[in-house]
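Since the structure comes first, as structure tokens, the remarks are kept for the end.
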Amino acid sequence: MATKITKKAPALRRAGEARAQGPTLTDYAGVLVLIQQTSDVQEVSTPHGEASVLNVRLLDCDNDADGWVTDVSVWGKVLIPEIQSMGRDVFAAVVGKGKASPGKSAPWVLEDPSDEQIAKASAALEANPLS
Numbered sequence: 537m538a539t540k541i542t543k544k545a546p547a548l549r550r551a552g553e554a555r556a557q558g559p560t561l562t563d564y565a566g567v568l569v570l571i572q573q574t575s576d577v578q579e580v581s582t583p584h585g586e587a588s589v590l591n592v593r594l595l596d597c598d599n600d601a602d603g604w605v606t607d608v609s610v611w612g613k614v615l616i617p618e619i620q621s622m623g624r625d626v627f628a629a630v631v632g633k634g635k636a637s638p639g640k641s642a643p644w645v646l647e648d649p650s651d652e653q654i655a656k657a658s659a660a661l662e663a664n665p666l667s
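Position in the sequence shown (first residue = 1) + 536 = our numbering.
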């Protein structure tokens, strides 16, 4: 008797997995974070053409995160220059959405934290010092 051979279907991936293999800054929407730039801007090929990306390390100050997350990708014409303007210093921000232009989606932005959030971020940094 012949044995039926079946071909296993390849695993499917989500569109976001094709763009980035790790966390991105936009995964932290609405979250108070500490950010430190860890790479220079790189040009990469995406399904939509060339794009700029840089990497940061990030500490989630709102969700009792367990230490710094490294190699977080940052995309976007608004976010990248804003992070670059801070050099390699650690700074606090809330990841948010700006205002959309007609016919375009709202850009991701870094919002200024309140005084209470600065105190919370300072405590998180003290509990999770940079190595």
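Think of the CB as a built atom: it goes at the ideal place given N, C-alpha and C, for glycine as much as any other residue.
Query                                                                                                : Result
Start-to-end residues for the alpha helix (DSSP H) that takes in residue 588                         : That residue, residue 588, is in no alpha helix (DSSP H); its beta strand (DSSP E) goes 585-596.
Candidates 603, 600, 611 and 604: closest to residue 590 by CA position                              : 611
Endpoints, the beta strand (DSSP E) within which residue 633 is located                              : 627-633
Alpha carbon of residue 558 to alpha carbon of residue 574, nearest angstrom                         : 15 Å
Selected residue, minimal CA-CA separation from residue 627, among 607, 600 and 596                  : 596
Cβ-based neighbour list, residue 562, same chain, cut-off 6 Å, excluding 5 preceding and 5 following : 644
Bridge partners - residue 571, DSSP secondary structure assignment                                   : 594 and 627
Length of the line joining the Cα atoms of residue 639 and residue 631                               : 22 Å
Strand pairing of residue 578, partner residues [DSSP]                                               : 589
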